[in-house]
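The block underneath contains the structure these notes are about, expressed in structure tokens.
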Amino acid sequence: MDNIVIVTGGANGLGLELVKLLHQSNYYVCNIDKDENKLKQLEAKFEDNYQSFVGDVSDENFVISTVNKISKLGKIVALFNNAGSPSFKKPTEYVGKDVELCFEGLKGMIYFSSNVLKYMEQTGGKIINILSSAALRGNKQEAVYCACKWAERGYTESLKSAYSGTNVHIFGVYPGGINTNFYKHSRDYVSLEKQHSFMSAKELAEIIYNNIFTDKHLLVEDLIINRIK
């Protein structure tokens, strides 16, 4: 196969919408998530041109093993680094476990990118880092989350510099709030009513896909997406 796309955090939310769209577009999708039950459901739904891998993206050994398995299936043409978890608290309320939670996504981005790039350096490909508008500014009750996203932005920009002029293309995507269960443990900060005013994950996935997989001789390296208020 020469059409393999990896999506991390693809069991729910934006990741799931990307998985659906990529599968409909005839890519072979490898979905990485720690939600085993949801991944089993997706395995039964998609059947062909789809495979899931249950594990933690911040576990380096898991990532190395998984990328090695996927590489044996064929050519990896794209990697969507989408996995991540939030912790929204007042600056004085953050503790160690919150820091670790926020930085799981950054670790996964680095581990997956570095291992996939070993193959893409030979064959070319796209790495799409799904960040957040929190990577562009500071927000109250998001100090550690913003710190993580700013780090992801720095990593993304460094990859662009490292692979400038090659057939490996790096993209940074910066969406605003998305109407998903991402905020389910932070109702004191993002109410259900406010969440429902955020962007549609399905529409957002379509915008990302159409900009990344365009047939035009143009490259959209940074994509900042906000809802119309």
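First residue of the sequence shown? That's 193 in this note's numbering, and the numbers climb one at a time after it.
Every residue, glycine too, gets a C-beta built ideally from N, C-alpha and C.
How big is the Cα-Cα spacing for residue 214 and residue 368? 22 angstroms
Would you call the segment 274 to 282 in contact with the segment 375 to 393, where contact means no fewer than 3 C-beta pairs closer than 8 angstroms? yes
Between the C-alpha atoms of residue 206 and residue 387, what's the straight-line distance to the nearest angstrom? 14 angstroms
Cβ contact (3+ pairs, closer than 8 angstroms) linking the segment 290 to 299 and the segment 222 to 235: no
For residue 311 and residue 263, what's the separation of their Cα atoms in angstroms? 8 angstroms
Around the C-beta of residue 353, are 16 or more other C-beta atoms found within 10 angstroms, so that it is buried, or is it exposed? exposed
Determine the extent of the beta strand (DSSP E) in which residue 277 is found, giving its start and end residues. Premise fails: residue 277 is in no beta strand (DSSP E) and is neither H nor E.
Measuring alpha carbon to alpha carbon, tell me which residue in 359, 322, 361 and 289 is nearest residue 343. 322
Have a look at residue 231 and residue 247 and give me their C-alpha separation to the nearest angstrom. 11 angstroms
How many Å lie between residue 330 and residue 240 at the Cα? 43 angstroms
Could you tell me whether the Cβ of residue 366 comes closer than 7 angstroms to any Cβ of chain C? Structure shown: chain C not included; a single protein chain is present.
Along the chain, where does the beta strand (DSSP E) containing residue 361 start, and where does it finish? 360 to 367
What are the complete beta strand (DSSP E) segments, minimum 3 residues, inside the segment 244 to 305? 268 to 273
Grouping DSSP H, G and I as helix and E and B as strand, with all else coil, what is residue 346? helix
Integer Cβ distance of residue 404 from residue 417, believed to fall under 8 angstroms: Their Cβ separation, rounded to whole angstroms, is 12 angstroms, which puts residue 404 and residue 417 out of contact at 8 angstroms.
Mapping DSSP to helix, strand and coil, what is residue 312? helix
Pairwise C-alpha distance: residue 303 and residue 288: 21 angstroms
Candidates 383, 216, 332 and 305: which alpha carbon is nearest residue 363's? 305
Contacting residues, own chain, Cβ-Cβ under 7 angstroms from residue 324 (five flanking each side not counted): 341, 366 and 367
Host beta strand (DSSP E) of residue 415 (start-end): 414 to 417
Closer than 6 angstroms by C-beta to residue 209: which residues in its own chain qualify, once you throw out the five before and the five after it? Chain order, please. 393, 394 and 397
Would you please state the rounded distance, in angstroms, between the beta carbons of residue 201 and residue 274? I believe it to be under 8 angstroms. 4 angstroms
Residue 242 in three-state terms, based on DSSP: strand
Candidates 327, 233, 236 and 271: closest to residue 349 by CA position: 327
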